[in-house]
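Visitor: Sharing a structure here in C-alpha coordinates format.
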(Lines of atoms letter the chains of each structure in order from A and count residues from 1; the text may use other names and numbers.)
(Lines give C-alpha, C1' and ligand atoms only; values in the text may rest on other atoms or scores of the structure.)
Protein backbone atom coordinates (compact mmCIF):
# COMPACT_ATOMS: atom_id res chain seq x y z
CA UNK A 1 0.00 0.00 0.00
CA UNK A 2 1.40 3.37 -1.01
CA UNK A 3 1.76 6.00 1.71
CA UNK A 4 -0.49 9.06 1.85
CA UNK A 5 1.08 11.99 0.05
CA UNK A 6 0.74 15.74 -0.07
CA UNK A 7 1.39 17.87 -3.16
CA UNK A 8 2.82 21.35 -2.71
CA UNK A 9 3.08 24.02 -5.36
CA UNK A 10 6.20 26.15 -5.69
CA UNK A 11 5.56 29.44 -7.46
CA UNK A 12 8.08 31.79 -9.01
CA UNK A 13 7.77 34.92 -11.11
CA UNK A 14 7.11 33.05 -14.34
CA UNK A 15 6.84 29.35 -13.52
CA UNK A 16 5.42 26.86 -11.07
CA UNK A 17 6.38 23.37 -10.03
CA UNK A 18 4.66 20.73 -7.96
CA UNK A 19 6.33 18.51 -5.41
CA UNK A 20 4.63 15.40 -4.05
CA UNK A 21 6.04 13.87 -0.88
CA UNK A 22 4.85 11.36 1.72
CA UNK A 23 2.75 13.05 4.41
CA UNK A 24 4.35 10.96 7.15
CA UNK A 25 7.79 12.20 6.09
CA UNK A 26 6.73 15.79 6.68
CA UNK A 27 5.31 14.78 10.06
CA UNK A 28 8.67 13.27 11.03
CA UNK A 29 10.58 16.37 9.87
CA UNK A 30 8.19 18.88 11.46
CA UNK A 31 9.99 20.63 14.33
CA UNK A 32 6.95 22.41 15.78
CA UNK A 33 3.42 20.93 15.97
CA UNK A 34 1.92 24.04 14.36
CA UNK A 35 4.41 24.12 11.46
CA UNK A 36 2.64 23.82 8.10
CA UNK A 37 3.71 21.47 5.32
CA UNK A 38 4.94 24.41 3.18
CA UNK A 39 7.00 25.69 6.13
CA UNK A 40 8.64 22.29 6.60
CA UNK A 41 9.52 22.07 2.89
CA UNK A 42 10.65 25.71 2.85
CA UNK A 43 13.02 25.10 5.76
CA UNK A 44 14.49 22.06 4.03
CA UNK A 45 14.85 24.00 0.78
CA UNK A 46 16.68 26.82 2.56
CA UNK A 47 19.04 24.34 4.23
CA UNK A 48 19.71 22.64 0.88
CA UNK A 49 20.36 25.91 -0.93
CA UNK A 50 22.69 27.13 1.82
CA UNK A 51 24.59 23.84 1.77
CA UNK A 52 24.98 23.95 -2.01
CA UNK A 53 26.28 27.51 -2.19
CA UNK A 54 28.53 26.89 0.83
CA UNK A 55 30.05 23.86 -0.92
CA UNK A 56 30.54 25.84 -4.14
CA UNK A 57 32.46 28.54 -2.27
CA UNK A 58 34.43 26.53 0.29
CA UNK A 59 34.78 23.01 -1.06
CA UNK A 60 35.51 23.50 -4.76
CA UNK A 61 38.83 23.69 -6.56
CA UNK A 62 40.34 27.16 -6.66
CA UNK A 63 38.93 30.44 -5.50
CA UNK A 64 35.27 31.23 -6.16
CA UNK A 65 34.54 34.25 -8.30
CA UNK A 66 33.21 37.35 -6.62
CA UNK A 67 29.63 36.81 -7.81
CA UNK A 68 29.46 33.32 -6.26
CA UNK A 69 30.92 34.61 -2.99
CA UNK A 70 28.32 37.39 -2.92
CA UNK A 71 25.55 34.84 -3.55
CA UNK A 72 26.78 32.81 -0.59
CA UNK A 73 26.78 35.88 1.63
CA UNK A 74 23.24 36.85 0.61
CA UNK A 75 21.99 33.27 1.02
CA UNK A 76 23.52 32.92 4.47
CA UNK A 77 22.02 36.26 5.52
CA UNK A 78 18.58 35.04 4.41
CA UNK A 79 19.21 31.72 6.16
CA UNK A 80 19.97 33.50 9.44
CA UNK A 81 16.92 35.73 8.99
CA UNK A 82 14.69 32.66 8.56
CA UNK A 83 16.12 30.56 11.40
CA UNK A 84 17.43 33.17 13.84
CA UNK A 85 20.83 31.43 13.87
CA UNK A 86 23.70 31.24 11.44
CA UNK A 87 24.35 28.34 9.08
CA UNK A 88 27.49 27.53 11.07
CA UNK A 89 25.63 27.52 14.37
CA UNK A 90 22.90 25.18 13.11
CA UNK A 91 25.15 22.81 11.19
CA UNK A 92 28.35 22.97 13.22
CA UNK A 93 30.13 23.73 9.96
CA UNK A 94 31.62 27.19 9.74
CA UNK A 95 34.59 28.71 7.93
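Numbering (this note's numbering), first residue to last: 21 to 115. For each residue, glycine too, the CB sits at the ideal point set by N, CA and C.
Taking one C-beta from the stretch 89 to 96 and one from the stretch 67 to 78 each time, how about it: are there three or more such pairs within less than 8 angstroms?
Guide: yes
Visitor: Measuring only the C-alpha atoms, how far is residue 102 from residue 68?
Guide: Reading the chain shown from its first residue, position 82 is the one you call residue 102. Reading the chain shown from its first residue, position 48 is the one you call residue 68. If you take the alpha carbons of residue 102 and residue 68, they lie about 14 angstroms apart.
Visitor: Just grab the DSSP bridge partners of residue 42 for me.
Guide: Reading the chain shown from its first residue, position 22 is the one you call residue 42. Answer by DSSP bridge pairing, in chain order: 25.
Visitor: Just the Cα atoms here: how many angstroms apart are residue 25 and residue 31?
Guide: Stepping through the chain shown from its first residue, residue 25 is reached at position 5. Stepping through the chain shown from its first residue, residue 31 is reached at position 11. Roughly 20 angstroms between the two C-alpha positions.
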